[in-house]
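Throughout, this note's numbering is defined as the position within the sequence shown, counted from one, plus 677. Backbone N, C-alpha and C fix where the C-beta goes; we use that ideal spot for every residue, glycine too. Being a predicted model, the structure only gives us computed values, none of them experimental. Structure, as structure tokens:
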Amino acid sequence: MRVGIIGLPNVGKSTLFNALTQASVPAENYPFCTIEPNVGRVAVPDRRLEQLAELISPEKVIPSSIDFVDIAGLVKGASQGEGLGNQFLGSIRDVDAILEVVRCFDAPDVVHVSGALDPRSDIEMIELELVLADLDVVNRRLEKLERQLKSGKPDYVTAYTYLKHLRSCLEAGHPVGPDSSIPAELRTQLADLNLLTEKPLLFIANVGDEGLTGQAANWWETVKQAAQERGAAALWLAAKLEEELWELELPERADFLAELALPEPGLNRLIRKSYELLDLITFFTITGGHEVRAWPLKRGTEALAAAAKIHTDMARGFIRAEVVAYRDLIKAGSVAAAQKDGLMRLEGREYKVQDGDVIHFRFNV
Ligand SMILES: Nc1nc2c(ncn2[C@@H]2O[C@H](COP(=O)(O)OP(=O)(O)O)[C@@H](O)[C@H]2O)c(=O)[nH]1
Ligand SMILES: [Mg+2]
């Protein structure tokens, strides 16, 4: 699962990306790696995993993770090929959700692309580029469908009508949005459209070192308002401070947070929010006494598909899933105790995995 960081130039995208990559380095078992220079795999902070690790004392603790991509090149006219143009748009087509960084910090030495700081107008500028890029995709598909319709195949009529509707929305400047996602019966036909304005979206108001004070507080209200209108999520953080925070050793980090009167790093909120945005839940596995691991899973996934994520053999030879809710396991104190107390359930391949399930897959190949 990939989350793309976009925004106008000089809004703090790379600063945020650097902070995210730093945040992931510490614990030796964390599967952090920089996959490509602009892609970082970041561990998802999860109190439940820590508690399970305290209970089991395994050699290895492996958290769930998300990939973040620093996508450069969005400027006015990107949909018309300005800046990195198509390359930029191609990179966002590949991601599953979008974080849009909006500049809400005042810094005379950091040039603002359009001269003055104005979050509302920045948001509108980006939205327009994304809408135009989608309009282009929809128009090209409509042309193709028109040719196919002439061949007399009735299969294409529904897709054609649906896309014409999308086109009129986009032409009026409206993003497709999360509500008008592609109808189930058209999914395979239109799967490759990958519309940018249909992807889940989270606005990040990047405020200065002073946090939500003065003008930044007003800008944050503007961003929140824009997010609400768009059906998107929003959060604020200070990217530059976060970058400095994660450069510190653990004890100093705690002092720094206390000084800022923050209960936890802003990045933790951001990572969790991104996880929600991707509609992911977490299940856990305990392998003997030596490994406790958190796995990301699309909400609503069945046990068989969850097993396949771990190993194809587990799915091929699936017998059943032994499931205990994480809370029950912690309460019982051990796997054996949970079994004795009847807290362990046997579930079949169609069982819909729940957030916080601790699962042992029985399989035979
Ligand atoms: N004062 C201040 N400067 C920031 C903040 N965030 C980023 N910057 C600076 O703005 C400049 C551009 O940031 P960068 O992350 O490279 O922006 P990008 O073009 O969106 O990737 C850099 O010099 C950063 O140090 C902030 O919160 N406060
Ligand atoms: Mg950058």
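Q699 classed as buried or exposed, judged by whether at least 16 other C-beta atoms fall within 10 angstroms | buried
For A720, write down the residues that DSSP places opposite it in a beta bridge.
-> S742
Where E705 sits in the DSSP three-state scheme = Since pLDDT at E705 reaches only 43, below the 50 mark, its modelled position is unreliable, and no value is offered.
Buried versus exposed, by CB contacts within 10 Å (16 or more), G1025 = exposed
Which value, in whole angstroms, describes the spacing of the CA atoms of V719 and S828?
-> 49 Å
Cβ-Cβ distance between A998 and I1036 below 9 Å | yes
Is there at least one non-hydrogen atom of ligand 2 closer than 8 Å to the beta-carbon of K690?
-> yes
Just mark P742 as buried or exposed, buried being the case when its beta carbon has 16 or more other beta carbons within 10 Å.
-> With the sequence shown as reference, residue 742 is identified as Ser, and Pro is not the correct amino acid for it. Buried, by the Cβ-count rule.
Compute the minimum distance between the beta carbon of A784 and the heavy atoms of ligand 2, and state whether it is under 8 Å.
-> no
Where do the ends of the alpha helix (DSSP H) carrying P796 lie?
-> P796 to K827
Per-residue DSSP class, three states only, for V1035 | strand
Whole-angstrom C-beta distance between W896 and P796, which should lie under 8 Å = 5 Å
Whole alpha helix (DSSP H) runs in the stretch 1001-1036 with 4 or more residues, listed along the chain?
-> 1003-1009 and 1012-1017
Just tell me which of I948, E731, R949 and L918 has its CA closest to the CA of L939.
-> L918
Specify the secondary structure class of N895 as computed by DSSP and reduced to three states.
-> helix
Using a Cβ-Cβ cut-off of 8 Å (strictly less than) and excluding sequence neighbours within five positions of K986, which residues of its own chain qualify?
-> W972 and L974
Would you say P686 touches ligand 2, meaning its beta carbon is less than 8 Å from a heavy atom?
-> yes
To the nearest angstrom, report how far apart H789 and L878 are at their CA atoms.
-> 23 Å
CA nearest to the CA of S771, picked from D832, I682, E736 and R725 | Sequence check: residue 771 is Asp here, not Ser. When only C-alpha atoms are compared, the closest one is I682.
DSSP-derived helix/strand/coil call for T698 | helix
Hey, L867 and R817: beta-carbon distance below 9 Å or not?
-> no
Buried or exposed: where does P703 fall if 16 or more other Cβ atoms within 10 Å of its Cβ makes it buried?
-> With a pLDDT of only 42 at P703, under 50, the local geometry of the prediction cannot be trusted, and the value read off the model is given with reservation. So P703 ends up on the exposed side.
Starting from N945 and walking both ways along the alpha helix (DSSP H), at which residues does that stretch end?
-> G943 to L954
When the Cβ atoms of the stretch 1014-1028 are set against those of the stretch 945-956, are three or more pairs found closer than 8 Å?
-> no
Neighbour-count burial assignment, A1014, 16 or more Cβ in a 10 Å radius | exposed
Closer than 8 Å by C-beta to Q902: which residues in its own chain qualify, once you throw out the five before and the five after it? Chain order, please.
-> none
If you run the structure through DSSP and keep just helix, strand and coil, what is P860?
-> coil
Roughly how many angstroms lie between the CA atoms of F709 and E875, to the nearest whole one?
-> Model confidence at F709 stands at a pLDDT of 47, short of 50, so the residue's coordinates are unreliable; what they give is reported in the following sentence. Near 29 Å, if we compare the C-alpha coordinates of E875 and F709.
Between the Cα of A836 and those of L812, G717 and T865, spot the shortest distance and give me the residue it belongs to.
-> T865
For the candidate residues A696, G754 and E801, whose alpha-carbon lies nearest to that of A916?
-> A696
Applying the criterion that 16 or more other CB atoms from any shown protein chain within 10 Å of the CB defines a buried residue, is D1032 buried or exposed?
-> exposed
Over the uninterrupted alpha helix (DSSP H) stretch that includes T989, give me the two end residues.
-> T989 to R993
Report the residue from A810, A904 and V1001 whose alpha carbon sits nearest the alpha carbon of N871.
-> A810
Which two residues bound the contiguous beta strand (DSSP E) that contains L978?
-> Contrary to the premise, residue 978 reads as Thr rather than Leu in this sequence. Element bounds for T978: n/a, residue is neither H nor E.
Among R725, V680 and G908, nearest to G854 - alpha-carbon criterion | G908
Straight-line CA distance for N706 to E727?
-> Residue placement at N706 is poorly supported in this model, since its pLDDT is 42, which falls under 50; the coordinates are not used for a value here.
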